[in-house]
Amino acid sequence: MKNKRGAIYLLLAIFFEVFATTNMKLSEGFSIIEYNLAVVIGVLCSIYFFALSLEELPLTIAYAIWVGLGTVLITIIGIVLFKEVVGGLRTLGLVMVIIGVISLNYYFKDTKEKQKMKEKSA
Numbered sequence: 001m002k003n004k005r006g007a008i009y010l011l012l013a014i015f016f017e018v019f020a021t022t023n024m025k026l027s028e029g030f031s032i033i034e035y036n037l038a039v040v041i042g043v044l045c046s047i048y049f050f051a052l053s054l055e056e057l058p059l060t061i062a063y064a065i066w067v068g069l070g071t072v073l074i075t076i077i078g079i080v081l082f083k084e085v086v087g088g089l090r091t092l093g094l095v096m097v098i099i100g101v102i103s104l105n106y107y108f109k110d111t112k113e114k115q116k117m118k119e120k121s122a
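Just so you know, we're using full-length UniProt numbering here: the sequence shown kicks off at 1 and counts up by one.
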């Protein structure tokens, strides 16, 4: 149950980070006040929820997922919303980020299971 709460906080942190970054692009160099306000709110909420997630999740795992999924989502938004060009190298990089996030997730689960087994045998 504890890790579910941490995962929810982490997803909220990622959402607000992506929200802030998207609004940063829309602010046209911080020249549109409404988008500037959205950036500040998004960053503050992102940091707040990330801090809450760290009460439940290991820093190394949480940070890697935060950065990795944020990067993937921002890239998708850049392609869809801002018509950024997709190339082979960019696609390869994104696939590698996704594989990295997935492997860290499995590593975390595997480590947790091994720790539980060790505690039972002690």
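Even glycine gets a Cβ: it sits at the ideal position worked out from N, Cα and C. Since the structure is predicted, the reported quantities are computational estimates derived from the model, not experimental observations.
Candidates the options: closest to residue i by CA position
i           : options      : result
residue 13  : 65, 78, 79   : 65
residue 63  : 73, 51, 93   : 51
residue 103 : 23, 68, 25   : 68
residue 74  : 8, 24, 61, 3 : 24
Residue i, DSSP secondary structure in three states
i          : result
residue 32 : coil
residue 27 : coil
residue 17 : helix
residue 86 : coil
residue 52 : helix
Spatial distance of residue i from residue j (CA atoms)
i          : j           : result
residue 57 : residue 6   : 6 Å
residue 38 : residue 121 : 51 Å
Residue i burial status per 10 Å Cβ neighbour count (16 or more: buried)
i          : result
residue 79 : exposed
residue 18 : buried
residue 10 : buried
Exercise. Taking only runs of the alpha helix (DSSP H) that begin and end inside the stretch 57 to 84, which ones reach a length of at least 4 residues, in chain order?
Worked result: The stretch 57 to 84 is shown to contain whole alpha helix (DSSP H) runs of 4 or more residues at 59 to 81, in chain order.
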